[in-house]
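Here the protein sequences line up with chains A and B, keeping their order.
For the first sequence, our numbering begins at 15 and goes up steadily by one.
For the second sequence, our numbering begins at 5 and goes up steadily by one.
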Amino acid sequence: MKMLGLSNKDTRFLLIVIALTLLTPIILQPFPEGSSLAQFNAGYPDLMQRFAIFGIFAIGFNILFGLTGYLSFGHAAFLGVGSYSVVWMYKLLGYNVVPGILLAIVVSGLFALLIGFISLRRSGIYFSILTLAFAQMSYNLAYSVLTPLTNGETGLQVYTNDAQVLMGAGAPNSPHFFGIVMNESSKLNLGGWEFTFNNGYYFCAIVAILVFYLSLRIFRSPFGLMLRAIKTNQTRLNYTGLNARPYTLAAFVISGMYAGLAGALMASMDPLAGAERMQWTASGEVVLMTILGGAGTLMGPILGAGFIKYFENIFSKINDQVLHGWFAFLPDGLENFIIGVSHFFVGKSWHLTLGLLFMLVVIFLPGGLVEGGQRIARAFRNRKSKDDGAQARTQPAE
Amino acid sequence: MDAIILQILNGLDKGSAYALIALGLTLIFGTLGVVNFAHGALFMIGAFVAVTLQRIFGLSYEEVDPDKTDFLGNPLVVDKPYVEKWFGADFGAWLIDWSVPLAIIAAIPVMLIVGFVMERGLIKHFYKRPHADQILVTFGLAIVLQELIKYFFGANPIQTGAPDAFAGSMDFGVLLGFDPNVIIYPYWRLVYFLFAALVIGGVFAFLQFTTFGMVVRAGMADRETVGLLGINIDKRFTLMFGLAAAVAGVAGVMYTPILAPNYHMGMDFLVLSFVVVVVGGMGSLPGAVAAGFLLGILQSFASMNEIKSLIPGIDQVIIYLVAILILLTRPRGLLGRAGVMED
């Protein structure tokens, strides 16, 4: 089962990821419509698109942070640049997303080359602060001086008097991929279940699979090995006569292009671009995702991205009514007490839950969710092998 | 000339806040070697101590005022604060008016306790972990603290006024021989600057002239050797964490009349304070203070109209631009030591 230059194990891994990604609209819709658990369903297009897009963002961030250990606090700048590029292509050429996405990758790559070239002169927290400074500068400028380019606080969007020179007469009037309109979906009703298959999601998903494959190849390549060596001991690498900076710069540019691609996909799903995408909180979010999932692992960033986006959307929707519905069977006093306590954690204050979860993960699971999964798996294996061992010992006695 | 003096004065209050937060951050980093991303949250908690105290003083009951009537001619029901009932009308009113400065007295023990609990409960377990883990766990803690404050106080800024005595502005230019009304400066900002100077001077004097401070400085230079001399350095460093928290807290208390506190003010200040610390040089206390004032004043200069028309948008990016320039020309910040935080 070797293909595409991957080993057996990796091929199997990739196939599982492909299957999971393509079946997401079904997997994330485990509860029938109208049941009390239906609000935990995440199979609606908007959220699934975000899973894929932030997955791409985090995969790219992981190539820099997970492999080289350089913690960038400014990756949101590339996200914003990607979004702006796509919307400009909409305005100038037309609603086909391809030119915009290509431009976004090129522009964010160049931008990353510039920022990386300067920031990588320093390491440790100095590097983090330099990237943060560049990103905040981009954000502040996008709001103020660059308004002709970014449309300031309103955000960049397409107006009816824009040129759109490549727009054909019958072309769709919203983002599309050679005629496949992004925000169209087909629905499938099976018994009580309703599955939504959205064009935009599948577009993002296929891009995500491609870039996941690319990151898999990078992880397994000599280049990836070199990046890990930088993380492990850069001084030692320098003493062997290797200059680490071209490698870190390459990693920085690649991860910047991933971020640009993610930003481009955001604007492909919804033809808008705003400066708030470049704010440092957005950079912080991708750091959270990568670490929560497990930095330096292949699946970690995707898990982290999915986890945070799921909680953001599902937890924040739980309101009083829902809580009353759940705890209605309890005596009134107890019901009100439990709802009062839950108030801290759901609805508008779901960030508290996120903060607590994040702290717990950092304290007890430094390797993130992936490490958690591995520990559980190991515990099961150990129990099994202990059973085997017990049998093996008892056998001779028979 | 007058414009330059005005901008320097304008930069002082923001610079004071940056310097106070950066001082606390550097104290924690220099003693415990921990990068504390929750320091902005401590600043915010301080501000909300002032808000709480103002609310406590403002607790009131309804009373019928025999002398006044409402527009229908009925006796008027007025809210009277309990403090006016307990301590007499004059002293009660004074308490309410001066609630922000008085909040310092409340904030110091509160912040010391918060600092001890944080250090003993959480930070202690992160001494040996990588800096990235410290950043992340304190970042998580900052989110939690900020959400708790949001839960209890709401998301909107809460106006908290300075005492009436400091409400107006002073004509600073007259003192220096300029024409009246050229350099106008609000009293409270002057108070804030003097207060910051006092706190910073106090911290430096404490470290420089007391035995305790000497031991702490020795510990910052070489923790192991101090430990080998039979001194319980951990206990002193915990105290220093409490002190740093208290500095951030009182900085927050006094800043409330300048900026109405809201739950994300800590995060807003944190990013800039980190830039300040790094520009000053990680682990250098004078560097943090100098960089705080430097960046505050540069920021206010950049927002002058003359400079803005020369370089558009400079006011938005000046701090980051200066940070980039300094880090590229002086790799360890203005006054930093070699080998700190470069792993």
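Virtual Cβ for every residue (Gly too), placed ideally from N, Cα, C.
Applying the criterion that 16 or more other CB atoms from any shown protein chain within 10 Å of the CB defines a buried residue, is residue i buried or exposed?
i, result
"Ser158(A)", "buried"
"Arg389(A)", "exposed"
"Asp74(B)", "exposed"
"Lys331(A)", "exposed"
"Leu134(A)", "buried"
"Asp69(B)", "exposed"
"Gln335(A)", "exposed"
"Ser50(A)", "exposed"
"Asp17(B)", "buried"
"Thr38(A)", "buried"
"Asp24(A)", "buried"
"Leu348(A)", "exposed"
Could you check the C-alpha separation between residue i and residue j for me, to the nearest Å?
i, j, result
"Val100(A)", "Asp284(A)", "11 Å"
"Asp347(B)", "Val53(B)", "With a pLDDT of only 48 at Asp347(B), under 50, the local geometry of the prediction cannot be trusted, and the value read off the model is given with reservation. Taking the straight line from one Cα to the other gives about 38 Å."
"Ala91(A)", "Leu116(A)", "17 Å"
"Leu344(A)", "Leu81(A)", "51 Å"
"Gln43(A)", "Ala66(A)", "16 Å"
"Asn187(A)", "Tyr109(A)", "7 Å"
"Ser356(A)", "Phe68(A)", "28 Å"
"Arg395(A)", "Ile316(A)", "25 Å"
"Leu349(B)", "Phe351(A)", "It is not possible to answer for residue 349(B), since the shown part of chain B is limited to 5 through 347."
"Asp137(B)", "Ile139(A)", "13 Å"
"Gly381(A)", "Met303(A)", "12 Å"
"Gly125(B)", "Leu247(B)", "16 Å"
"Tyr65(B)", "Gly92(B)", "15 Å"
"Gln171(A)", "Ala183(A)", "21 Å"
"Tyr98(A)", "Ile32(B)", "41 Å"
"Gly96(B)", "Val82(B)", "16 Å"
"Lys201(A)", "Gly270(A)", "36 Å"
"Leu204(A)", "Ala276(A)", "33 Å"
"Glu412(A)", "Thr210(A)", "Residue placement at Glu412(A) cannot be trusted, given a pLDDT of 42 that sits under 50; what the coordinates show is reported in the next sentence. The straight-line gap from Cα to Cα measures roughly 59 Å."
"Ala166(B)", "Leu198(B)", "15 Å"
"Gln63(A)", "Ile188(B)", "54 Å"
"Asn55(A)", "Leu251(A)", "49 Å"
"Leu338(B)", "Thr295(A)", "27 Å"
"Ala319(A)", "Ala243(A)", "26 Å"
"Phe182(B)", "Ala294(B)", "28 Å"
"Thr145(A)", "Gly88(A)", "5 Å"
"Gln409(A)", "Gly387(A)", "Confidence is the limiting factor: at Gln409(A) the pLDDT is only 49, short of 50, which leaves the residue's position unreliable, though a coordinate-based value still follows. About 33 Å."
"Gly308(A)", "Glu385(A)", "7 Å"
"Leu46(B)", "Ala107(B)", "15 Å"
"Glu208(A)", "Leu61(A)", "16 Å"
"Val186(B)", "Val148(B)", "46 Å"
For my contact list, residue i and residue j are in at a C-beta cut-off of 8 Å; report their separation, rounded to the angstrom.
i, j, result
"Ile330(B)", "Gln303(B)", "Not quite, the Cβ-Cβ distance comes to about 15 Å (not below 8 Å), so this is no contact."
"Gly234(B)", "Gly285(B)", "With 8 Å as the limit, Gly234(B) and Gly285(B) do not qualify as a contact, their Cβ atoms being about 31 Å apart."
"Val207(B)", "Ile112(B)", "Not quite, the Cβ-Cβ distance comes to about 13 Å (not below 8 Å), so this is no contact."
"Leu93(A)", "Phe71(A)", "7 Å"
"Ile223(A)", "Ile32(A)", "5 Å"
"Met240(A)", "Asn213(A)", "Contact doesn't hold; Cβ gap of about 39 Å is too wide."
"Val220(B)", "Thr35(B)", "6 Å"
"Ile311(B)", "Ile318(B)", "6 Å"
"Val111(A)", "Phe191(A)", "6 Å"
Whose Cβ in chain B lies nearer than 8 Å to the Cβ of residue i?
i, result
"Asn327(A)", "Residues of chain B passing the Cβ test: none, with the nearest at roughly 17 Å."
Who are the neighbours of residue i on chain A, taking C-beta pairs under 7 Å?
i, result
"Ala3(B)", "With chain B covering 5 to 347 only, the question about residue 3(B) has no answer from this structure."
"Val121(B)", "Here the premise fails: no neighbours, minimum Cβ distance about 14 Å."
"Leu140(B)", "Ile305, Val376"
"Gly144(B)", "Gly369, Phe372, Met373, Val376"
Below 8 Å on C-beta distance, what does residue i contact in chain A?
i, result
"Ile147(B)", "His365, Leu366, Leu368, Gly369, Phe372"
"His135(B)", "Gly138, Ile139"
"Val282(B)", "Ile139, Tyr140, Ile143"
Under 9 Å between beta-carbons, which chain B residues line up against residue i? List them in chain order, please.
i, result
"Pro13(A)", "Look at the range of chain A in this structure, 15 to 412, and you will see that residue 13(A) is not part of it."
"Phe7(A)", "Nothing in the structure corresponds to residue 7(A), since chain A is present only between 15 and 412."
What residues of chain A sit near residue i, judged by a beta carbon separation below 9 Å?
i, result
"Leu332(B)", "Ile132, Arg135, Arg136, Leu144"
"Pro335(B)", "Arg135, Arg136, Tyr140"
Could you tell me which chain B residues have their CB closer than 7 Å to the CB of residue i, listed as they occur along the chain?
i, result
"Val159(A)", "Pro316, Gly317"
"Leu85(A)", "Ala136"
Please compile the residues from chain D whose C-beta is within a distance smaller than 9 Å of the C-beta of residue i.
i, result
"Val279(B)", "In summary, chain D is missing from the structure at hand, where the protein chains are A and B."
Contact residues within the region 373–401 of chain A, judged by C-beta distance below 8 Å to chain B: Taking 8 Å as the upper bound on Cβ-Cβ separation, chain B lies near residues Met373, Val376, Ile377, Pro380 of the region 373–401 of chain A.
Where the region 300–320 of chain A meets chain B: residues whose CB sits under 7 Å from a CB there: Ile305
Selection of the region 302–316 of chain B by Cβ proximity to chain A, strictly under 8 Å: Within the region 302–316 of chain B, contact with chain A at the beta-carbon level (separation under 8 Å) is assigned to Pro316.
The region 164–182 of chain B: positions lying closer than 7 Å to chain A by Cβ: none
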